[in-house]
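Here the sequence shown is numbered in the numbering used here, starting from 4 and rising by one per residue.
Below you'll find the structure, written out as structure tokens, and then a few comments.
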Amino acid sequence: MTAYIARRLLLMIPTLLGIMLVNFVIVQSAPGGPIERLIAEIKGYGVEATARLGGANQGELSTSGGARSATGDQAEYLYRGARGIDPELIKEIEKLYGFDKPAPERFLQMMGNYLRFDFGNSFYQDRSVIDLIIDKMPVSVSLGLWTTVIIYVVSIPLGIAKAVRDGSRFDVWTSAVIIVGYAVPSFLFAVLLVVLFAGGTLFDWFPLRGLVSQNWAELSWPARIGDYLWHLVLPITALVVGGFASLTMLTKNSFMEEIHKQYVVTARARGASERRVLYGHVFRNAMLIVVAGFPGAFVSILFTSALLIEVIFSLDGLGLLGFESALNRDYPVMFGTLYIFTLLGLALNLLGDLMYTMIDPRIDFEGRGV
């Protein structure tokens with residue numbers, strides 16, 4: 004197993020490099036980058052652009068090509084050039100953002116910095132990328148972790164119950180409820196929850212903004228925990244409703260497949276109780292794919308499923324950060340978060356494979372030469 008883990012860790016390097024390279028090429032070839040945005044600002048809002056560029060005196064603008072700073076004289080020159088967009092102005096802007104170097108050199112420099120976990124500063128927020136991610140992480144981790152745990156806690160027993168009672172009235176009406184929940188997008192259900200329970204038209208029971216209340220720091224620890232959970236009720240409910248369907252049906256189908264196998268028939272013929280057959284023999288095999296998929300499910304919910312929920316409930320998390328950085332062409336934030344998320348995803352995929360061997364020791368990846 005040690006050799007297998009070592010091979011997987013080494014394989015992460017070209018995988019991570021390939022993902023970053025593909026995205027770098029796509030982003031660099033897309034129109035409307037930070038230089039074009041700044042030139043548009045200078046054309047239409049010269050004073051505002053000058054103030055922002057002049058403010059670079061106070062610190063450095065970090066890019067995928069390195070860190071640059073603009074002096075007050077440069078800002079004044081840029082303002083004068085805004086009237087006619089002098090070619091020298093464009094060169095100054097390219098130098099400011101680090102685009103005065105060839106793309107391959109910028110990519111290699113970016114990856115060298117990322118290997119040291121130096122992600123630079125945001126173009127527009129005057130903060131380091133790592134600080135932005137740390138600030139947003141509690142919101143996304145809270146949404147992703149609680150959603151994943153609740154979905155698993157409910158879906159696995161429900162899927163087992165449906166498999167045992169296949170074809171019964173319980174199986175039919177629970178399937179109907181699950182399908183309806185799956186068919187309604189989470190953001191529409193979130194809007195409905197806001198209207199019903201967050202001061203929309205009926206009740207004003209739950210807060211509509213933030214992860215905690217403004218006076219959270221002044222509360223006692225039990226009150227802090229209650230306040231935190233109180234703020235999570237509606238967004239978590241909106242996320243989990245649509246997440247039950249796939250996992251519940253996967254659990255049911257896995258159990259149904261195992262229940263009809265020969266070893267189950269043999270166990271029953273030997274006089275084993277139904278509970279012993281179900282949880283002593285079937286559970287380990289049926290739950291293999293379900294439980295081992297937990298890391299991947301967490302990553303999926305953490306990074307892709309909560310953007311609209313964050314917007315509706317005014318939660319400033321990683322989904323909103325990624326959307327805004329893509330919209331503003333904030334390359335340091337885009338590539339920095341992509342690097343971190345990809346690295347985390349690869350690590351969790353390895354953890355998922357290791358969970359296979361923990362659940363069923365008969366699986367031997369190393370023996371197969373994987």
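Where is the CB? At the ideal position from N, CA and C, for every residue including glycine.
(message) Could you check whether V132 and F122 sit closer than 8 Å to each other, using their CB atoms as the reference points?
(response) The residue labelled residue 122 in the question sits at position 119 within the sequence shown. The residue labelled residue 132 in the question sits at position 129 within the sequence shown. In contact: F122 and V132 (Cβ atoms closer than 8 Å).
(message) One question on the structure: do I315 and A164 come within less than 8 Å of each other, judged by their Cβ atoms?
(response) What you label residue 315 is simply residue 312 of the sequence shown in a count that begins at 1. What you label residue 164 is simply residue 161 of the sequence shown in a count that begins at 1. Result no, Cβ atoms of I315 and A164 do not sit closer than 8 Å.
(message) Quick check on DSSP: helix, strand or coil for A329?
(response) Residue 329 sits at position 326 when you count from the first residue of the sequence shown. Helix, per DSSP.
(request) Out of G355, F206, L196, point me to the one whose CA is closest to M235's CA. (result) Your numbering for residue 235 matches position 232 in the sequence shown. The question names Met, but residue 235 in the sequence shown is Leu. The shortest C-alpha separation from L235 is found at L196.
(request) Give the secondary structure of N116 by DSSP, where H, G and I count as helix, E and B as strand, and everything else as coil. (result) Sequence index remark: in the sequence shown, residue 116 carries index 113 (1-based). Looking at N116 - three-state DSSP - the assignment turns out to be helix.
(message) To test your reading of the DSSP string, which unbroken alpha helix (DSSP H) runs of 4 or more residues are found completely within the region 119–197?
(response) 132–167, 172–186
(message) How far does the alpha helix (DSSP H) with A275 in it extend, from its first residue to its last?
(response) Sequence index remark: in the sequence shown, residue 275 carries index 272 (1-based). Unbroken run through A275: none, as it is neither H nor E.
(message) Taking the alpha carbon of T240 as the reference point, which residue from V157, M252, W219 has its own alpha carbon closest?
(response) The count along the sequence shown starts at 1 and reaches residue 240 at position 237. Of the candidates V157, M252, W219, the one whose C-alpha sits nearest the C-alpha of T240 is V157.
(request) Within the region 202–257, note down every full alpha helix (DSSP H) run reaching 4 residues or more, in order along the chain. (result) 224–244
(request) Assuming F27 and G162 form a contact by the criterion Cβ under 8 Å, report the distance between their Cβ atoms to the nearest whole angstrom. (result) Taking the sequence shown and counting its residues from 1, the one referred to as residue 27 is at position 24. Taking the sequence shown and counting its residues from 1, the one referred to as residue 162 is at position 159. Not confirmed; about 42 Å, so no contact.
(request) Assign L118 to buried or exposed, taking buried as 16 or more other Cβ atoms, counted over all protein chains shown, within 10 Å of its Cβ. (result) Numbered from its first residue, the sequence shown carries residue 118 at position 115. Burial call: exposed.
(request) Tell me, to the nearest whole angstrom, how far the beta carbon of S143 is from that of A309; I am working on the premise that it is less than 8 Å. (result) In the sequence shown, residue 143 corresponds to position 140, counting from 1. In the sequence shown, residue 309 corresponds to position 306, counting from 1. Between A309 and S143 the Cβ distance is about 6 Å, and since that is below 8 Å, they are a contact.
(message) Please report the distance separating the alpha-carbon of T74 from that of P17.
(response) Position 71 of the sequence shown, counted from the first residue, corresponds to residue 74. Position 14 of the sequence shown, counted from the first residue, corresponds to residue 17. Here T74 scores only 42 on pLDDT, less than 50, and its place in the model should not be relied on; the value that follows carries that caveat. T74 and P17: Cα-Cα distance of roughly 40 Å.
(request) Apply the 10 Å Cβ neighbour rule to M113 and answer buried if 16 or more other Cβ atoms are within range, or exposed otherwise. (result) Translated into positions along the sequence shown, residue 113 becomes position 110. Burial call: buried.
(request) Label D207 either buried or exposed according to how many other C-beta atoms from any shown protein chain fall within 10 Å of its C-beta, with 16 as the threshold for buried. (result) On the sequence shown, residue 207 is found 204 positions in, with the first residue counted as 1. With fewer than 16 other Cβ atoms within 10 Å, it is exposed.
(request) Classify M15 as helix, strand or coil using the three-state DSSP reduction. (result) If you number the sequence shown from 1, residue 15 lands on position 12. Note: M15 maps to helix in three-state DSSP.
(request) Measure the Cβ-Cβ separation of P37 and R332 and say whether it is below 8 Å. (result) As a working mapping, residue 37 is identified with position 34 in the sequence shown. As a working mapping, residue 332 is identified with position 329 in the sequence shown. Yes, the Cβ-Cβ distance between P37 and R332 is below 8 Å.
(message) Given this structure, state the Cα-to-Cα distance separating A201 from F209, to the nearest angstrom.
(response) Counting from 1 along the sequence shown, the entry for residue 201 is found at position 198. Counting from 1 along the sequence shown, the entry for residue 209 is found at position 206. If I take the Cα positions, the gap works out to 5 Å.
(message) Once DSSP output is grouped into helix, strand and coil, what is the label at H263?
(response) Position 260 of the sequence shown, counted from the first residue, corresponds to residue 263. Looking at H263 - three-state DSSP - the assignment turns out to be coil, as it is neither helix nor strand.
(request) State the DSSP-derived secondary structure class of G283, mapped to helix, strand or coil. (result) Position 280 of the sequence shown, counted from the first residue, corresponds to residue 283. Looking at G283 - three-state DSSP - the assignment turns out to be helix.
(request) Compute the Euclidean distance between the alpha carbons of V175 and V187, then round it to the nearest angstrom. (result) Locating residue 175 in the sequence shown gives position 172, where the first residue counts as 1. Locating residue 187 in the sequence shown gives position 184, where the first residue counts as 1. So the two alpha carbons sit approximately 19 Å from each other.
(message) Output needed for Y127: all residues of its chain with C-beta closer than 8 Å, excluding positions within five of it in sequence on either side, in chain order.
(response) Counting from 1 along the sequence shown, the entry for residue 127 is found at position 124. If we look at Y127 and ignore the five residues flanking it on each side, its Cβ neighbours are N331, D333.
(message) Within 10 Å of its beta-carbon, does T5 have 16 or more other beta-carbons around it, so buried, or fewer, so exposed?
(response) Numbered from 1 along the sequence shown, position 2 holds the residue referred to as residue 5. So T5 ends up on the exposed side.
(message) For A166 and H263, I'd like the C-alpha separation in whole angstroms.
(response) Along the sequence shown, read from residue 1 onward, the residue named residue 166 stands at position 163. Along the sequence shown, read from residue 1 onward, the residue named residue 263 stands at position 260. A166 and H263: Cα-Cα distance of roughly 11 Å.
(message) For a quick check, are the C-beta atoms of V243 and I153 less than 8 Å apart?
(response) Residue numbering aside, residue 243 sits at position 240 when the sequence shown is read from its first letter. Residue numbering aside, residue 153 sits at position 150 when the sequence shown is read from its first letter. Yes, the pair counts as a contact, with Cβ atoms nearer than the cut-off.
(request) Could you check the C-alpha separation between I137 and G184 for me, to the nearest Å? (result) For the purposes of this step, residue 137 is identified with residue 134 of the sequence shown, where counting begins at 1. For the purposes of this step, residue 184 is identified with residue 181 of the sequence shown, where counting begins at 1. When rounded, the distance between both Cα atoms is 33 Å.
(request) Tell me whether the beta-carbon of E261 lies closer than 8 Å to the beta-carbon of V267. (result) If you number the sequence shown from 1, residue 261 lands on position 258. If you number the sequence shown from 1, residue 267 lands on position 264. Against a cut-off of 8 Å, the Cβ pair of V267 and E261 comes out as a contact.
(request) With distances taken Cα to Cα, identify the nearest neighbour of P160 among F286, R40, L191. (result) For the purposes of this step, residue 160 is identified with residue 157 of the sequence shown, where counting begins at 1. The option with the nearest alpha carbon to P160 is F286.
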